[in-house]
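Numbering follows our numbering, with no gaps: position 167 of the sequence shown is 492. Glycine included, every Cβ here is placed at the ideal spot set by N, Cα and C. Just so it is clear, the structure is predicted and the values come from calculations on it, not from any experiment. To start, the structure itself, in structure tokens.
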Amino acid sequence: MVKSLLEIAAEIVQAQASVGPMTPDAMELALSRTFVTLQKMKMAEEGGFVLDLSKMSEDLPLEEKAKESMDPRDSIQNDKIICLECGAEMRQLTTKHLSSHNLNPREYKKKYGFSLKQPLAAKSLTKARSKAAKKRGLPENLVKFLEEKRSRSRAAMAEATSSEETVPELGMEAKVLKKRGRRKKVS
């Protein structure tokens, strides 16, 4: 029994949909483009001419349409994150992976509307890291560090304003110049 082109196209799209998630719009687009491609191939076969497949692949950016139809917020799931550039699924989008798309994490987040503080990792991985950080006491230590930094900053500002002196010969204020370079570590 010979299958029709529509049946063959449906089987191809069904196999593609079984591998990864596809929206109904993406399925419809894939089905129509697959059918058109099969028609072109059949006509080329019957006509006896060679079909340039490289040009056909440029006309059929299925991955582009599939990724455009996916909501960026849905790409970050509990156990995986889906790269919106290529559709690859992984636990974390690394800088190395994004560099293959000529992007860095900041550019990727801006392009797809993510907050710059949003981690590019699966939710379960983010929760595990947060839990481990809390277990080690990092949030409390961070609060202490920030308070110390603010108090040092305030002290430095107070010192700078009190270090203004009047030069009697000139009758005007002159600021005392501070030393340049790194601060000495206070223990």
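Inter-residue Cα distance where the pair is residue i and residue j
| i | j | result |
| --- | --- | --- |
| Phe-360 | Gln-339 | 13 Å |
| Ser-487 | Arg-475 | 18 Å |
| Lys-509 | Ala-458 | 29 Å |
| Lys-436 | Val-511 | 43 Å |
| Arg-479 | Pro-464 | 23 Å |
| Leu-387 | Lys-460 | Confidence at Leu-387 is low in this model, with a pLDDT of 45, below 50, so the placement of that residue should be treated as unreliable; the coordinate-derived value is given next. Straight-line Cα distance between these residues: approximately 45 Å. |
| Ala-391 | Ala-481 | Interpretation of Ala-391 is limited by its pLDDT of 46, a score under 50 that renders its predicted location unreliable; the figure taken from the coordinates is listed afterwards. Roughly 56 Å separates the two Cα atoms. |
| Arg-477 | Leu-471 | 10 Å |
| Ala-369 | Glu-332 | 19 Å |
| Thr-451 | Arg-507 | 35 Å |
| Gln-443 | Gln-341 | 30 Å |
Beta-carbon gap between residue i and residue j smaller than 8 Å
| i | j | result |
| --- | --- | --- |
| Leu-363 | Ala-334 | yes |
| Gly-345 | Gly-412 | yes |
| Lys-421 | Ala-447 | no |
| Met-441 | Arg-431 | The residue you asked about is not Met; residue 441 is Leu in the sequence shown. Taking 8 Å as the Cβ cut-off, Leu-441 and Arg-431 qualify as a contacting pair. |
| Lys-367 | Leu-330 | yes |
Of the residues the options, the one placed nearest residue i, counting alpha carbons only
| i | options | result |
| --- | --- | --- |
| Ile-401 | Phe-374, Ser-478, Ser-449, Leu-441 | Ser-449 |
| Ala-351 | Asp-396, Lys-509, Cys-408, Val-375 | Asp-396 |
| Glu-438 | Lys-460, Thr-451, Leu-409 | Note on residue identity: the sequence assigns Gly, not Glu, to residue 438. Selected option, being the one with the closest Cα: Leu-409. |
| Ser-357 | Gly-372, Arg-507, Ile-337, Glu-371 | Ile-337 |
| Met-415 | Asn-403, His-426, Ser-424 | Asn-403 |
| Asp-399 | Thr-348, Glu-484, Ser-424, Lys-456 | Thr-348 |
| Gln-581 | Ser-424, Glu-473, Leu-445, His-426 | As shown, the chain starts at 326 and ends at 512. That puts residue 581 outside it, with no answer to give. |
Three-state secondary structure (DSSP) of residue i
| i | result |
| --- | --- |
| Glu-414 | strand |
| Ala-447 | coil |
| Lys-510 | coil |
| Lys-452 | helix |
| Leu-385 | With a pLDDT of 45 at Leu-385, under the threshold of 50, the modelled position of that residue is not reliable, and the figure given next carries that caveat. DSSP places Leu-385 in coil when its eight states are reduced to three. |
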